[in-house]
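Since the structure comes first, as structure tokens, the remarks are kept for the end.
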Amino acid sequence: MYKRFSIVALLSGCMLFIPVPAISTETSVAPLANFVAQVIDNHPRIRSMDAALKASSARYQAADQALYNPELEFDTERTDINTTSLGISQTIDWSDKRGARAKTAQQTYNANAADANSLRQQLARNLLNALSEYNTADTLNRLGQQSLQLMQQFVDIAEQRLQAGDLNQVELDLAKLAALEADLESSELAARLSDAEQALFSLLGDRPAPRVWPGLPQTLPVIQSDRLDIEDLIKTHPVFQAKQAQINAARALVSLRQREAKPDPTIGIRAGREDNNTLTGLTLSLPLFVRNTYQAEVTEAHAQLTQTEFDARSTWLDLKNRILTARQRYILTRNTWTNWQQRGTSSIKRRIDLLKQLWQVGELSSTDYLIQLKQTLDTQSAGIELRGRLWHNWSNWLMASASIFQWLEIDERTSSTDIQH
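Residues 60 to 480 (the working numbering) are what the sequence shown spells out, left to right.
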């Protein structure tokens, strides 16, 4: 009995050094926010989007220019009668096609700007998920290494006790199998950690990796469901704002096509001499849209507007479903995590103490103790995974509600390029 108690005493002592899951010691989001902001500001995809916005802004500037330039005409003719004349003509934008073009380009820019903002939020969400997975994988890897060390110690003690006649061969073989399983699990966890780190590297763009990855705050906010305005969240979401801008652009395009179906007159003034006589003239020309009335283009623009409106409605419903689903998943996961924190940690400690007491009184064999020990380790692993799911669901909620920059307190400006009026 005394020798069996020595084994369990050592195992229990080793077990107490295995940490309860604690992903980070950070209490503020500031380090995390600084990291995310720096990655976003220097990421090639964001730089590419900024360049696209500058091009879109330039297209607006081009669309806001006058459609027609004046034409200067000089004519000279030498025959029996010498004639020389100089004239100038100007086509008038009678239906304000310029204004319709500018409005279409402006709304297209607004849609691109909203898409760029959505891209920034997606990159921020991906960074949060990648950091969460890295922290989860790192904690699981350390737990796996400690579990492997514990199992190897158990095998060493079992071999000593076998030689002393206090343990049979079956129990030793079981200990070796448990150590082998722990070794395999440790290798898988190390590979998972490597994959998680590579996923982080892929999101950094041109920015070098930091010496230490930023930690995650220990606590996450509670979603105040009674204060949420789902419709307001959708209206301010960059994805829906992009759709709204596309609708406005489609409406402006309809107006442009309608105005393009109206002819613009050209007025000209001419003056000159015919031998000794002075000539003056006034010309007015108007194109006749007889062979092509341009109504097909108007019909096409109306169809595109209808399509865009239905797309916006579909986006509204999709965003509403994403917001409700993300909120529910986060609330459920957070409640489960809170319960685990309140009861899971103490339950693990009580379980270790109980196993020790059962060993002391001889009511638990070494085989049963090994099984119970693995169950305890699995419980700790489940707690770590739960913490990772909590962060994953939180970042998905931030993305669904378009509040990720608000939570991180990061400037939400899409680009330094603005349309100048």
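C-beta: ideal position from N, C-alpha, C; glycine also.
Given this structure, state the Cα-to-Cα distance separating residue i from residue j, to the nearest angstrom.
{"i": "Arg-106", "j": "Leu-182", "result": "13 Å"}
{"i": "Asp-100", "j": "Leu-207", "result": "42 Å"}
{"i": "Asn-227", "j": "Leu-221", "result": "6 Å"}
{"i": "Asn-455", "j": "Ala-170", "result": "23 Å"}
{"i": "Phe-373", "j": "Lys-302", "result": "For the record, residue 373 in the displayed sequence is Ser; it is not Phe. Between Ser-373 and Lys-302, the C-alpha separation is close to 10 Å."}
{"i": "Met-210", "j": "Asn-380", "result": "47 Å"}
{"i": "Asn-185", "j": "Asp-254", "result": "15 Å"}
{"i": "Thr-84", "j": "Pro-273", "result": "Any reading at Thr-84 needs caution, since the residue's pLDDT is 48, under 50, leaving its predicted position unreliable; the model's value is listed next. Rounded to the nearest angstrom, the two C-alpha atoms are 10 Å apart."}
{"i": "Arg-318", "j": "Asp-155", "result": "7 Å"}
{"i": "Asn-176", "j": "Thr-367", "result": "20 Å"}
{"i": "Leu-413", "j": "Gln-401", "result": "19 Å"}
{"i": "Ser-245", "j": "Leu-236", "result": "14 Å"}
{"i": "Ser-460", "j": "Ile-293", "result": "8 Å"}
So residue i is in the alpha helix (DSSP H); what residue range does that whole segment cover?
{"i": "Thr-167", "result": "156-223"}
{"i": "Arg-390", "result": "It should be noted that the sequence gives Ile, not Arg, for residue 390. First-last of the alpha helix (DSSP H) with Ile-390: 354-398."}
{"i": "Arg-318", "result": "297-319"}
{"i": "Glu-290", "result": "289-294"}
{"i": "Gln-97", "result": "89-101"}
{"i": "Ser-253", "result": "228-262"}
At which residues does the beta strand (DSSP E) containing residue i begin and terminate?
{"i": "Asp-134", "result": "130-137"}
{"i": "Leu-338", "result": "336-344"}
{"i": "Asn-141", "result": "141-150"}
{"i": "Arg-329", "result": "325-333"}
Buried or exposed: where does residue i fall if 16 or more other Cβ atoms within 10 Å of its Cβ makes it buried?
{"i": "Pro-103", "result": "exposed"}
{"i": "Gln-277", "result": "exposed"}
{"i": "Trp-466", "result": "buried"}
{"i": "Glu-468", "result": "exposed"}
{"i": "Phe-464", "result": "buried"}
{"i": "Asn-188", "result": "buried"}
{"i": "Leu-338", "result": "exposed"}
{"i": "Arg-316", "result": "buried"}
{"i": "Ser-474", "result": "Here Ser-474 scores only 40 on pLDDT, less than 50, and its place in the model should not be relied on; the value that follows carries that caveat. So Ser-474 counts as buried."}
{"i": "Gln-283", "result": "exposed"}
Just to confirm, is the Cβ distance from residue i to residue j under 8 Å?
{"i": "Pro-324", "j": "Leu-343", "result": "yes"}
{"i": "Leu-331", "j": "Thr-142", "result": "It is worth fixing the name first, because residue 331 is Gly in this sequence and not Leu. Going by C-beta atoms, Gly-331 is nearer than 8 Å to Thr-142."}
{"i": "Leu-112", "j": "Ala-173", "result": "no"}
{"i": "Trp-399", "j": "Gly-442", "result": "yes"}
{"i": "Gln-166", "j": "Ala-311", "result": "yes"}
{"i": "Arg-481", "j": "Asn-452", "result": "Here the chain has residues from 60 to 480 only, and residue 481 is not among them."}
{"i": "Tyr-119", "j": "Ala-161", "result": "yes"}
{"i": "Ala-234", "j": "Ala-223", "result": "no"}
{"i": "Glu-333", "j": "Ile-151", "result": "no"}
Taking only beta-carbon positions, decide if residue i is within less than 8 Å of chain D.
{"i": "Phe-464", "result": "Protein chain content of the structure displayed is limited to a single chain, and chain D is not contained in it."}
Practice task
Quick one: which unbroken alpha helix (DSSP H) runs of 4-plus residues sit fully inside the stretch 414-469? Chain order, please.
Solution key: 425-459 and 463-467
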